[in-house]
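To start, the structure under review is shown below, and the notes come after it.
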Amino acid sequence: MPLSAQTMQFIKEHWLDDVHTLALQVGKYPEVNLPEAVVQIAGRQSVEEKIPSWYTTEGIRYPRRLSLEQCSSEATALYKASLIKGESLADVTGGWGVDCTFLSVNFRKVVYVERQKELCELTAHNFSLLGLNHIAIENADAVSYVKKMQAVDCIYLDSARRDMHGKKLIRLADCEPDISELEDLLLTKASKVMVKLSPMLDLSQALCSLPHTEEIHIVSVCNECKELLLILGNHTGKDIPIHCVNITGDKRDLFVFTREEERNAACTYTGKLETFLYEPNASVLKAGAFRSIACSYGIRKLHPNSHLYTSNTLIEDFPGRRFLITGSCSFRKREMKELLSGLEKAHITVRNFPATVEELRKRIKLHDGGGAYLFATTLAGESKALIRCEKP
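Numbering (our numbering), first residue to last: 495 to 886.
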């Protein structure tokens, strides 16, 4: 629905204001569609970090809250855009159009498909504002559209991962559409299919359900796992490359391995701490590259289940966090008192340890923050250790 000139001006003048306060002022602005203005102002405020280029673009129209929560960030959309290109693309689960916007720059012809008419109208406005005139809009159901569509170079799908009550869905079969049932049909319509899945989905389950997977990309932003991407095709090999990506600002940490490499990787375990400590990023941990990462970087693992590593030489390009070890101890009270002397606060991590961060923090009576980092973990000899570190 088009916004009146008065409502658009109101949004322009109040886009930094508190939306909860604005929502209570209906009688003060009778000429303004205040409920819709509040949606637009709240939407713009919510994407400041998630989609910065849209935040700074005046006139972008925003959807209701759920579509905003489910949409990709600009960082992950740009990463996806680096993976596929061609003549034609169909985004058959268009949503608010964030992914379609960034993917479209690599294609001459693009079709955006979305079953919600309201989202189609919003997205048509935004595409026009952004000068994306090569994108056609189809108000249709994804499955129905795929059945009748002409062949394209690439199809992109992002299945809905919430039920009608807003509960998150994790199993592939529970998502809509169920891509495992569509896989063969999709590959008659495109040579490449990119699928975005929940990062909580079990990787082995996904591969069993989607046997035409050619590549796996596990994408984290600031060490928080955000997306599991599968690229499907007709040239599937036995050894599928798994790309572990962590995006921080303009930087992308990348580690690539295969499951065969993981099975065959030589990994040394040690109960002796060396000079530096390493914690792999969220994507590497999600992928299960526990042995491969040790083999690739020549570092030693503290325990089969701890997923912490050590070395005497600093690995500058390690895909994860790096620390200088300044001390360690067992959990005897006297040793802990000596190790923690002078500390009032610290960042605490537990790995393969029989207590939570909250329980440990309560026990050692330290506030969160500061320049010290503590790791509570189990070493190769099954002894428990508290490791004190700082940034190298």
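Cβ atoms here follow ideal geometry from the backbone N, Cα and C, with glycine treated the same way.
Check                                                                                                                                                     : Outcome
Taking a contact to mean a Cβ-Cβ separation below 8 Å, would you say glutamate 756 touches glycine 731 in this structure?                                 : no
Determine the direct distance from the alpha carbon of glutamate 675 to that of tyrosine 639, and round the result to whole angstroms.                    : 15 Å
Report the rounded CA-to-CA distance for isoleucine 842 versus glycine 814, giving the unit in angstroms.                                                 : 16 Å
Answer yes or no: do valine 713 and leucine 723 have a C-beta to C-beta separation smaller than 8 Å?                                                      : yes
If I follow the unbroken alpha helix (DSSP H) through glutamate 829, where does it start and stop?                                                        : 827-833
In angstroms, rounded to a whole number, what distance separates the CA positions of serine 567 and tyrosine 772?                                         : 28 Å
Can you check which of these residues, Asp672, Met688, Gln503 and Pro529, is closest to alanine 584 by C-alpha distance?                                  : Met688
Rank Thr617, Val605, Gly875 and Tyr573 by C-alpha distance to the C-alpha of arginine 558 and give the top, closest one.                                  : Thr617
For serine 685 and asparagine 717, which I take to be in contact (beta-carbon distance under 8 Å), what is that distance rounded to the nearest angstrom? : Rounded, the Cβ-Cβ distance is 34 Å, inconsistent with contact.
Alpha carbon to alpha carbon, how far is glutamate 447 from lysine 720?                                                                                   : Outside the displayed range of the chain (495 to 886) lies residue 447, so it cannot be described from this structure.
Does the region 762-772 touch the region 867-874, meaning 3 or more C-beta pairs lie closer than 8 Å?                                                     : yes
CA-CA distance, arginine 785 and threonine 804?                                                                                                           : 13 Å
Could one say the Cβ of leucine 701 lies closer than 8 Å to chain D's Cβ atoms, at least one of them?                                                     : The structure shown contains no chain D, having only a single protein chain.
Please name the residue in Ala645, Met643, Leu697 and Ser824 whose C-alpha comes closest to that of leucine 666.                                          : Leu697
In whole angstroms, what is the alpha-carbon distance linking phenylalanine 847 and valine 605?                                                           : 50 Å
Classify serine 714 as helix, strand or coil using the three-state DSSP reduction.                                                                        : strand
When you compare only the Cα positions, how much space is there between serine 800 and valine 750?                                                        : 21 Å
Can you list, in chain order, the residues of its chain whose CB lies under 8 Å from that of proline 671, leaving out five sequence neighbours each side? : Thr587, Ala636, Val637, Leu651 and Ser653
Along the chain, where does the beta strand (DSSP E) containing methionine 502 start, and where does it finish?                                           : Unbroken run through methionine 502 is the alpha helix (DSSP H), 499-508; no beta strand (DSSP E).
Whole angstroms is fine: what's the gap from aspartate 657's alpha carbon to lysine 611's?                                                                : In this prediction, aspartate 657 scores a pLDDT of 45, lower than 50, which makes its location untrustworthy; the coordinate-derived value is nonetheless stated afterwards. Looking at the two C-alpha atoms, the distance is approximately 19 Å.
Between which two residues does the alpha helix (DSSP H) holding isoleucine 673 run?                                                                      : 673-683
Tell me the rounded alpha-carbon separation between phenylalanine 869 and isoleucine 545.                                                                 : 34 Å
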